[in-house]
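Chemist:
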Amino acid sequence: MEKNTVSMRGKNILGLEDFSPEEIRLVLETAKEMKNIIHRDIKKVPTLRGKSIVTLFYEPSTRTRTSFELAAKYLGADVVNITSGTSSIVKGESLRDTLYTVEAMGVDAIVMRHKAEGAAEYASKVVSPVILNAGDGAHAHPSQGLLNLFTIQEHKGRLAGLKVAILGDVLHSRVARSDIYGMRKMGMEVHIAGPRTLLPRFLYEEPGIVVHERIEDAIKDADVIEVLRIQLERMKGGLFPTTREYARIFGLSPRRLQLAKDDVLILHPGPMNKGWEIGPAVAYGDNSAIQEEVQNGVAVRMALYTLVLTGGKQA
Amino acid sequence: MTKMILKGGRVIDPASKFDGVADVLIEDGKIAAVGQGLKAADAEVYDASGKVVAPGLVDLHVHLREPGQEAKEDFESGTKAAVAGGFTTIATMPNTKPVVDTAALVRSLEKRAEDVARCHVKIIGAVTKGQQGKELAELGDMIEAGAVAFSDDGHFDPSAKVLLNAYDYLHAFDKVIVNHEEETSLVEEGVMNEGHRSAMLGMKGRPTVAEDIAVARDVLLAEYAGARVHVAHMSSARAVDIVREAKKRGVRVTAECTPQHLTLTDECVTLTDTSTKINPPLRSQADCDALLAGLKDGTIDAIVTDHSPHAEEEKDQEYMYAPSGFPGLETSLGIMLTDLCHTGKLDLPTIISKMTYEPAKCFGLSCGTLAKGAAADIVVIDPEKEWTVDAKKFYTRGTHSPFVGRKLKGKAVLTIVDGDVAMRDGIVE
Chain A
1 MEKNTVSMRG
11 KNILGLEDFS
21 PEEIRLVLET
31 AKEMKNIIHR
41 DIKKVPTLRG
51 KSIVTLFYEP
61 STRTRTSFEL
71 AAKYLGADVV
81 NITSGTSSIV
91 KGESLRDTLY
101 TVEAMGVDAI
111 VMRHKAEGAA
121 EYASKVVSPV
131 ILNAGDGAHA
141 HPSQGLLNLF
151 TIQEHKGRLA
161 GLKVAILGDV
171 LHSRVARSDI
181 YGMRKMGMEV
191 HIAGPRTLLP
201 RFLYEEPGIV
211 VHERIEDAIK
221 DADVIEVLRI
231 QLERMKGGLF
241 PTTREYARIF
251 GLSPRRLQLA
261 KDDVLILHPG
271 PMNKGWEIGP
281 AVAYGDNSAI
291 QEEVQNGVAV
301 RMALYTLVLT
311 GGKQA
Chain B
316 MTKMILKGGR
326 VIDPASKFDG
336 VADVLIEDGK
346 IAAVGQGLKA
356 ADAEVYDASG
366 KVVAPGLVDL
376 HVHLREPGQE
386 AKEDFESGTK
396 AAVAGGFTTI
406 ATMPNTKPVV
416 DTAALVRSLE
426 KRAEDVARCH
436 VKIIGAVTKG
446 QQGKELAELG
456 DMIEAGAVAF
466 SDDGHFDPSA
476 KVLLNAYDYL
486 HAFDKVIVNH
496 EEETSLVEEG
506 VMNEGHRSAM
516 LGMKGRPTVA
526 EDIAVARDVL
536 LAEYAGARVH
546 VAHMSSARAV
556 DIVREAKKRG
566 VRVTAECTPQ
576 HLTLTDECVT
586 LTDTSTKINP
596 PLRSQADCDA
606 LLAGLKDGTI
616 DAIVTDHSPH
626 AEEEKDQEYM
636 YAPSGFPGLE
646 TSLGIMLTDL
656 CHTGKLDLPT
666 IISKMTYEPA
676 KCFGLSCGTL
686 AKGAAADIVV
696 IDPEKEWTVD
706 AKKFYTRGTH
716 SPFVGRKLKG
726 KAVLTIVDGD
736 VAMRDGIVE
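Chains as they are written, first to last, in the working numbering: chain A, 1 to 315; chain B, 316 to 744.
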């Protein structure tokens, strides 16, 4: 294995636009070691013993919050979860004051999810614990972007040169933006497709990506397909006629899947709207790595904690 | 009352098209004379050599936040900021709490201005009750109380019919309506310009077309009604085209733009710098260029600040929750001189004209001139003075500005209101 010279100690994990390819490689390598820990009978190592981590979630989440929590616990850290419904946030406390309160208790890292783009970056400017962005509005979800790369690398043995198709609701997707930055930095060929109402209007100006309006054009000969969740809860309506029509024209069906390479890998950040953006036969089919992604998510988050709180093996 | 001679400055008076070295004599609060070798026995002599002497700056678009939002600004702090920036007449917008939509409120603000203001304050009334866009406010009563123009600024009037009624009703009074031009359904959740930058930040956009169709509608309605309309803070290239064409057809339209829309683009928007959040938003370089062309060819009449201060804790929030706007009275002239005059993009007499005489004309105000007998509202500008924008030195209560930290060249050094010194060397008296 090549020797890494980069250190990520103290780095705030805000978005993959802030990552160098070397840093991404370091996370993926470290995550591989972490995955072994998850497979042990006794899943506990002392790497983060004596460290305390707070997860601060202003938006509902099952898999991401649990994943960050378990990752911290497997590494021996103490974890406290704060959610907006059960804290002083409902009393109108400002984000700055909530962050000050958490910081004053001496935590080492804050994992944060918020509906406002830039909330994690704001936190990184206000308080000193390391900030790990678990999703800020439609801006970024860096750990999801990294676990996608990890999953692809595990299956394909490489990243550079692979063709990936990202399908669906890009407009509301923080995952898509982290994918675009991460995948391009690793030399992947990025194609985006979905109804035009779900694509940011000037996305095509971003260098190094190809935007299509019909998903067939993106899927053709793809090595990887990531299907995004239609985020109906963030829509005011009118972006497409019906979910039925969406499924028929823009859904990933077994028939459309045939356009891709035979060994195409299917990803979805979850939770899925089965029967809308993705057919059940595809979601649970042989090419799907959707369940695996969940486990890889824990490994990648363990890697991030280790690297930003201890510096990894160099420490 | 002070008797004063401003000696040997470059006098620029756009109203008379005078531009040359001269003295200005101030007596009894009025301009007594402009000419060579003026003398007066008991007058204070101010050496203006190397400096520019111009009519006090006029700003048609200011939010003084009274009544009800004094944590953001009030008449005293806002007018101190105005004279610090070289302004002697400012017009304040009615989107306050409550909205200024009755004669009683206009009168109460006139009284406040009399008591605490450091410069002339003109009151803009709301077009519709509560700025709700539904029923006309008591426009005639407000005019009798002193309102100089009307605006539902901050909001786009959703009903074309209501706006047409306002145009028609105001026709007899010859007052202008100032329109905030962004079609609501296209900007509802938007926080920045819709473009490549918003696409990659994941932030919701406010497209230029929202402004373009609003300007088109409101200008066409004014043309139909034969009414006067003033287009507020233009930011889009296409909107400039629409106003240009309308002016050619003889439509009674005037327009304004801000230093920020002339000099900044959405590239300076970041995830956390809420000072860059304004409505309409910072656009593209092509839009900046079109605004400059519009100023040059007369499509755009006025440079305004859209001075929109907010309390520190309001701007210190997540970008999407922070209110829009930032204070501009103390940076406007410096930005115009640094980024447009010293760069050769726009000559000094044009800048002065667009900040004095022409805006005054848009609202039919008598200020913005150095004519003999006019009120002695004067600014002396040191066009070479170098300074750094420091929010701690602001007189305004608003501290968030994208210009904070900028090194600028050119500043007002003396502001005279009705013959009295209101600001000298940056210090408000």
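Note that CB positions come from ideal geometry on N, CA and C, so glycine has one too. If you're wondering where the values come from, they're calculated on a predicted model, not measured in any experiment.
Check each residue of the region 622–646 of chain B: if its Cβ is closer than 9 Å to any Cβ of chain A, include it; give the result in chain order.
Modeler: Cβ contacts with chain A: Glu-628, Asp-631, Gln-632, Glu-633, Tyr-634, Met-635, Tyr-636.
Chemist: Tell me which residues share the same chain as Thr-730/B and place their Cβ nearer than 7 Å to its Cβ, disregarding the 5 neighbours each side in the sequence.
Modeler: Translated into positions along the second sequence, residue 730/B becomes position 415. Result list for Thr-730/B: Gly-371, Val-398, Gly-401, Thr-403, Val-694, Ala-737, Met-738, in chain order.
Chemist: Please list the partners that Met-94/A has in chain B, where partner means a Cβ-to-Cβ separation under 9 Å.
Modeler: Your numbering for residue 94/A matches position 94 in the first sequence. First, the amino acid is wrong: residue 94/A is Ser here, not Met. Residues of chain B passing the Cβ test: Glu-628, Asp-631, Gln-632.
Chemist: If the criterion is Cβ atoms closer than 8 Å, does the pair Asp-468/B and Thr-620/B meet it?
Modeler: For the purposes of this step, residue 468/B is identified with residue 153 of the second sequence, where counting begins at 1. For the purposes of this step, residue 620/B is identified with residue 305 of the second sequence, where counting begins at 1. Their beta carbons are not under 8 Å apart, which means Asp-468/B does not touch Thr-620/B by this criterion.
Chemist: DSSP has Asn-133/A in a bridge; who is on the other side?
Modeler: Against the first sequence, residue 133/A aligns to sequence position 133. DSSP output for Asn-133/A lists Met-112/A as bridge partner(s).
Chemist: Does Leu-586/B come within less than 8 Å of chain A when only Cβ atoms are used?
Modeler: Here residue 586/B refers to the residue found at position 271 when the second sequence is read from its first residue. At least one chain A Cβ lies under 8 Å of Leu-586/B.
Chemist: Could you pull out every residue in the same chain whose Cβ sits closer than 7 Å to the Cβ of Asp-41/A, ignoring the five residues on either side in sequence?
Modeler: Here residue 41/A is taken as the residue at index 41 of the first sequence, counted from 1. Cβ within range, chain order: n/a, list empty.
Chemist: Return the residue from the list Asp-735/B, Trp-702/B, Val-728/B, His-470/B that minimises the CA-CA distance to Val-719/B.
Modeler: The count along the second sequence starts at 1 and reaches residue 719/B at position 404. Minimum Cα distance to Val-719/B is reached at Trp-702/B.
Chemist: Assign Leu-610/B to one of two classes, buried (16 or more other C-beta atoms within 10 Å of its C-beta) or exposed (fewer than that).
Modeler: Working through the second sequence from its first residue, we reach residue 610/B at position 295. Buried, by the Cβ-count rule.
Chemist: Is His-114/A close to chain D, meaning its C-beta is less than 8 Å from at least one C-beta of that chain?
Modeler: Note that chain D does not occur in the displayed structure, where the protein chains are A and B.
Chemist: Taking only beta-carbon atoms, is Met-515/B less than 8 Å away from chain A?
Modeler: As a first step, residue 515/B is located in the second sequence; it is residue number 200 there, counting from the start. It does: the Cβ of Met-515/B has a partner Cβ on chain A nearer than 8 Å.
Chemist: Below 8 Å between beta carbons: does that hold for Val-728/B and Asp-705/B?
Modeler: Within the second sequence, residue 728/B is the residue found at index 413, counting from 1. Within the second sequence, residue 705/B is the residue found at index 390, counting from 1. Not a contact, by the Cβ cut-off of 8 Å.
Chemist: Count the other CB atoms, across all protein chains shown, that sit within 10 Å of the CB of Asn-148/A; report buried if there are 16 or more and exposed otherwise.
Modeler: Taking the first sequence and counting its residues from 1, one reaches residue 148/A at position 148. The residue is buried, with at least 16 neighbouring Cβ atoms inside 10 Å.
Chemist: Please report the distance separating the alpha-carbon of Val-27/A from that of Thr-151/A.
Modeler: As a working note, residue 27/A is residue 27 in the first sequence. As a working note, residue 151/A is residue 151 in the first sequence. If I take the Cα positions, the gap works out to 12 Å.
Chemist: Could you tell me the distance, in whole angstroms, from the CA atom of Ala-138/A to the CA atom of Arg-177/A?
Modeler: In the first sequence, the residue the question calls residue 138/A occupies position 138. In the first sequence, the residue the question calls residue 177/A occupies position 177. Approximately 8 Å, taken between the alpha carbons.
Chemist: If the cut is a Cβ gap below 8 Å, which residues of chain A does His-511/B touch?
Modeler: Translated into the one-based positions of the second sequence, residue 511/B becomes position 196. Per Cβ cutoff of 8 Å: Phe-202, Leu-203, Glu-205, Glu-206.
Chemist: What did DSSP end up calling Ile-593/B once you bin it into helix, strand or coil?
Modeler: On the second sequence, position 278 is the one that residue 593/B refers to. In the structure shown, Ile-593/B sits in coil (DSSP, three-state: anything other than H, G, I, E or B).
Chemist: Kindly give me the distance between the Cβ atoms of His-548/B and Cys-583/B, rounded to whole angstroms, as I take these residues to be in contact under 8 Å.
Modeler: The count along the second sequence starts at 1 and reaches residue 548/B at position 233. The count along the second sequence starts at 1 and reaches residue 583/B at position 268. Actually they are not in contact, since the Cβ atoms of His-548/B and Cys-583/B sit about 17 Å apart, beyond 8 Å.
Chemist: Might you give, ordered along the chain, the residues of its own chain that have their beta carbon closer than 6 Å to the beta carbon of Phe-57/A, omitting 5 neighbours on each side?
Modeler: The residue given as residue 57/A occupies position 57 in the first sequence. Result list for Phe-57/A: Arg-65, Thr-83, Arg-113, in chain order.
Chemist: Nearest to Asp-221/A by alpha carbon, out of Leu-257/A, Ile-110/A, His-155/A?
Modeler: As a first step, residue 221/A must be located in the first sequence, where it is residue number 221. Checking every option, the nearest Cα to that of Asp-221/A belongs to Leu-257/A.
Chemist: Can you list the residues of chain A that Met-670/B reaches, using a CB-CB cut of under 7 Å?
Modeler: For the purposes of this step, residue 670/B is taken as the residue at position 355 of the second sequence. By Cβ distance, chain A contributes nothing, its closest Cβ being about 34 Å from Met-670/B, past 7 Å.
Chemist: Please report the Cβ distance between Val-190/A and Ile-166/A, rounded to the nearest whole angstrom; I am assuming they are in contact, meaning their Cβ atoms lie under 8 Å.
Modeler: Taking the first sequence and counting its residues from 1, the one referred to as residue 190/A is at position 190. Taking the first sequence and counting its residues from 1, the one referred to as residue 166/A is at position 166. Right, the Cβ-Cβ distance comes to about 7 Å (below 8 Å), so this counts as a contact.
Chemist: Got a sec? Which residues, its chain only, sit under 6 Å from Ala-120/A by beta carbon, not counting five neighbours each side?
Modeler: Translated into the one-based positions of the first sequence, residue 120/A becomes position 120. So the list reads Leu-14, Met-112, Ile-131, Asn-133, Asp-136, once near-sequence residues are dropped.
Chemist: Nearest CA to the CA of Ala-281/A: which residue from Ala-109/A, Gly-85/A, Leu-232/A, Pro-254/A?
Modeler: The count along the first sequence starts at 1 and reaches residue 281/A at position 281. Among Ala-109/A, Gly-85/A, Leu-232/A, Pro-254/A, the Cα nearest to that of Ala-281/A belongs to Pro-254/A.
Chemist: Sort Tyr-636/B, Ala-396/B, Glu-391/B by Cα distance to Tyr-710/B and report the nearest one.
Modeler: The sequence position of residue 710/B within the second sequence is 395, counting from 1. Here the closest residue by C-alpha is Ala-396/B.
Chemist: In chain order, what residues of the same chain have a beta carbon less than 7 Å from the beta carbon of Met-186/A, not counting five sequence neighbours either side?
Modeler: On the first sequence, position 186 is the one that residue 186/A refers to. Around Met-186/A: Pro-21, Ile-24, Leu-149, Leu-159, Ala-160.
Chemist: Between which two residues does the alpha helix (DSSP H) carrying Ala-675/B extend?
Modeler: Sequence index remark: in the second sequence, residue 675/B carries index 360 (1-based). Taken as a continuous stretch (DSSP letters only), the alpha helix (DSSP H) holding Ala-675/B covers 672–678.
Chemist: Quick check for students: name the residue ranges of the beta strand (DSSP E) that lie wholly in the region 684–740 of chain B, counting only runs of 3 or more.
Modeler: You should have 693–703, 722–732, 735–739.
Chemist: Please report the straight-line C-alpha distance between Met-105/A and Ala-77/A, rounded to a whole angstrom.
Modeler: By 1-based counting over the first sequence, the position of residue 105/A is 105. By 1-based counting over the first sequence, the position of residue 77/A is 77. Rounded to whole angstroms, Met-105/A to Ala-77/A spans 15 Å at the Cα level.
Chemist: Can you give the Cα-Cα distance for Leu-171/A and Met-518/B, rounded to whole angstroms?
Modeler: On the first sequence, position 171 is the one that residue 171/A refers to. On the second sequence, position 203 is the one that residue 518/B refers to. If you take the alpha carbons of Leu-171/A and Met-518/B, they lie about 9 Å apart.
Chemist: With a threshold of 8 Å between beta carbons, is Met-738/B in contact with chain A?
Modeler: Stepping through the second sequence from its first residue, residue 738/B is reached at position 423. No, its Cβ sits nowhere closer than 8 Å to a Cβ of chain A.
Chemist: Give a yes or no on contact between the region 458–472 of chain B and the region 425–445 of chain B, applying the rule of three or more CB pairs nearer than 8 Å.
Modeler: Output reads yes: the region 425–445 of chain B touches the region 458–472 of chain B.
Chemist: Can you tell which of Glu-385/B, His-622/B, Gly-505/B has its C-alpha closest to the C-alpha of Glu-645/B?
Modeler: Looking up residue 645/B in the second sequence gives position 330. Nearest option by C-alpha distance: His-622/B.
Chemist: Scan the region 209–226 of chain A for residues whose Cβ lies nearer than 8 Å to a Cβ of chain B and list them as they occur along the chain.
Modeler: Those would be none; no residue qualifies.
Chemist: Which residues mark the beginning and the end of the alpha helix (DSSP H) in which Ile-290/A is found?
Modeler: To locate residue 290/A, count along the first sequence from 1; it is residue 290. Segment 290–310, the alpha helix (DSSP H) holding Ile-290/A.
Chemist: In this structure, does DSSP put Glu-213/A in helix, strand or coil?
Modeler: Working through the first sequence from its first residue, we reach residue 213/A at position 213. Note: Glu-213/A maps to coil in three-state DSSP.
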